[in-house]
Amino acid sequence: MNMTDDRQIHEECGVFGVYNVPDAAVLAYYGLHALQHRGQEGCGIVSVSDDKVLKRVKGESLVTEVFNESKIGSLKGRMAIAHVRYSTTGGGGIENVQPFLFRHNTGDFALAHNGNLVNSAKLREYLENRGSLFQSTSDSEILAHLMKKDMRDRNSPRINAITTALNMIEGAFAFLIMTANRIYACRDKYGLRPLSVGRLGDGYVVSSETCAFDVMGAEFIRDIEPGEIVTIDRHGLRSLRYSEFRKHHMCAMEYVYFARPDSDIEGSNVHSFRKQTGRYLYEEAPADADIVVGVPDSSISAAMGYAEASGLPYEMGLIKNKYIGRTFIQPSQELREKGVRMKLSAVKSIVSGKKVVLVDDSVVRGTTSRRIIRMLKDAGASEVHLRISSPMIKNPCYYGVDISTQEELMCSGKTLEEVRQALEADSVAFLSEESLYHAGGRSELCLACFNGHYPTALYENGKK
């Protein structure tokens, strides 16, 4: 994550799968490393050996800290799925680190999930009343129990059980399900979370983001479509539509903040998208200034776009120390506030005496934005004009993004002027929703955290 981690905005997971590639677990390790920005609390890999035995290694930490050569070496075979986690529903703890591994007399299987199920409480109650015992507090485990809830027809293909289960869950998900012989890649019918498939030699890889393909030289084939299950096995790729209801409500924050700039999401490069939002931001909210400064790292692309459109020079007015621990894992707000100054420094000789356009990707609680503005002014900036390359975040997210309750959101219930005063900026502007659509050439996005229009029913979250 970038230095703004103490804003408490995190994507919870990344998933990666490998089919029919030698030393699949090694490739899964490199895939997880490429997806590390999507979760730093825990990670795991499950592999299938040549004699069809599923084995798992997982832990609570970064990919490089959980895995070493001996642990990777213990995961044999040509097939694996893997997961990086930032906890949302269910919280932390080793029992919630994925992939989950299930032993069952109809065949062992593993499961990894990116997203959040909005009807998880109702489904958990339904399953527990029918005898299910849960190993974790994660909503991801629910799918496994739904798949196994009715085993009267033991000879029925597993894809039938998966289809039935997927039609019972509601919310955002990219699921990878691995058996001894195949991988099923499943995406929610709303298209809220990304999932892509690529080719590597005689095999295939599946990933939350395409940046992981580039690491290992895999060739991007296509995105898995909303409402689709792609089965990957000795027959190659086979597609099944489990739902006729299909939308492309990709989470706008994937483009704005979460995804790596070298990833392509549904045909749009993330860096190009962000750069375009910066151009639109200048058109909507020009500032009388001397230089443009972006907040490292996710705001650099938008700042470049703003600078190009305005003709103002883009300067490295803020420098991030990449070797400081992530601020959000520190135990108190007081320590987090001290951590930001350790992690980010203003370059006095660049900003002193200058009117600065400060470009950032979002404002959540506002504490970090205010601190950066103060930091620039302490370094001698004469004015700081804050430009945000997304709309105001006014509503919580129920789809797997850790955006706080409405009361904690800086922009909830405030006018633009009240936000400006609270952040101590000389001026402030946010990008319009229309420009987000235009930046990606899209007609559909999930903008629920901005406008409160949730694409799904919300069940236990008080909306239904």
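Just so you know, the sequence shown maps onto residues 0 to 463 in numbering that gives the first Met the number 0. Don't be surprised by glycine CBs; every beta carbon is placed ideally from N, CA and C.
Where residue i falls, given that 16 or more other Cβ within 10 Å makes a residue buried
i    : result
E416 : exposed
N394 : buried
I93  : exposed
E282 : exposed
F172 : buried
S46  : buried
G316 : buried
K342 : buried
D425 : buried
F244 : exposed
A456 : exposed
R186 : buried
H103 : exposed
L132 : exposed
S238 : exposed
N67  : exposed
N95  : buried
CA nearest to the CA of residue i, picked from the options
i    : options                   : result
R278 : M303, L239 and F101       : M303
D49  : S238, F172 and A179       : A179
L199 : K188, D377, Q97 and G16   : G16
G130 : K147, T136, V117 and A211 : K147
A81  : P295, S137 and A23        : A23
E433 : V427, S426 and R441       : R441
P260 : H270, M315, A184 and I228 : H270
L126 : D287, I158, A109 and A164 : A164
M177 : M78, L236 and S206        : M78
E40  : M252, I402, V363 and S60  : S60
I141 : S119, E218, N128 and R157 : S119
S361 : E265, M409, F172 and E124 : M409
S73  : L53, V62 and T404         : L53
I158 : N67, V291, V229 and R102  : V229
Y436 : E314, L446, A27 and Q420  : L446
A286 : G379, H32, E208 and V383  : V383
M249 : H234, R237, S267 and S242 : S267
S344 : I387, G293, D401 and E227 : G293
E423 : L191, G106, I372 and G439 : I372
S242 : Y189, C210 and S207       : Y189
V400 : G352, L191 and T367       : L191
V355 : T63, M215 and A288        : A288
V83  : S69, G352, G76 and T63    : T63
Q275 : I387, K321 and V214       : I387
T247 : L239, R237, E68 and E224  : In the sequence on display, residue 247 carries His and not Thr. Among L239, R237, E68 and E224, the Cα nearest to that of H247 belongs to E224.
D263 : E227, N67, G439 and G379  : G439
I392 : G379, V56, N450 and K347  : N450
Assigned secondary structure, residue i (DSSP; H/G/I helix, E/B strand, else coil)
i    : result
H82  : strand
N450 : helix
E243 : coil
Y313 : strand
V117 : coil
L53  : strand
I264 : strand
F471 : Shown here, the chain extends from 0 to 463; a query on residue 471 therefore has no answer.
R157 : helix
L126 : helix
I44  : strand
K354 : strand
I402 : coil
G30  : helix
V291 : strand
R102 : coil
A438 : helix
F257 : helix
R77  : coil
L343 : strand
Y18  : strand
L236 : strand
Anticipated Cβ contact below 8 angstroms, residue i with residue j, distance rounded
i    : j    : result
Y256 : S309 : The pair is not a contact, with the Cβ atoms about 22 angstroms apart (cut-off 8 angstroms).
D232 : S195 : 18 angstroms between Cβ atoms; not a contact.
G197 : I220 : 6 angstroms
L375 : D359 : With a Cβ gap of about 12 angstroms, L375 and D359 do not count as contacting.
G13  : N113 : 6 angstroms
Y397 : E169 : Actually they do not touch by this definition, with Cβ atoms about 10 angstroms apart.
L110 : P98  : 6 angstroms
L466 : A301 : What the structure shows of the chain is the stretch from 0 to 463, and residue 466 is not part of that stretch, so it cannot be assessed.
E208 : L34  : 6 angstroms
Residue i CB to nearest heavy atom of the ligand GTP below 8 angstroms
i    : result
S298 : You won't find the ligand GTP in this model; it holds no ligand whatsoever.
CB contact check: residue i to chain D, cutoff 9 angstroms
i    : result
G379 : Included in the structure is just one protein chain, with no chain D present.
- Query: Which ranges does the beta strand (DSSP E) cover as unbroken runs of at least 3 residues, wholly within the region 210-234, from first to last along the chain?
  - Reply: 218-222 and 227-232
- Contiguous beta strand (DSSP E) assignments of at least 3 residues, all confined to the region 160-196: 170-177 and 182-186
- Query: Taking only runs of the alpha helix (DSSP H) that begin and end inside the region 358-433, which ones reach a length of at least 4 residues, in chain order?
  - Reply: Those alpha helix (DSSP H) runs which fall completely within the region 358-433 and span 4+ residues are 366-377 and 415-422.
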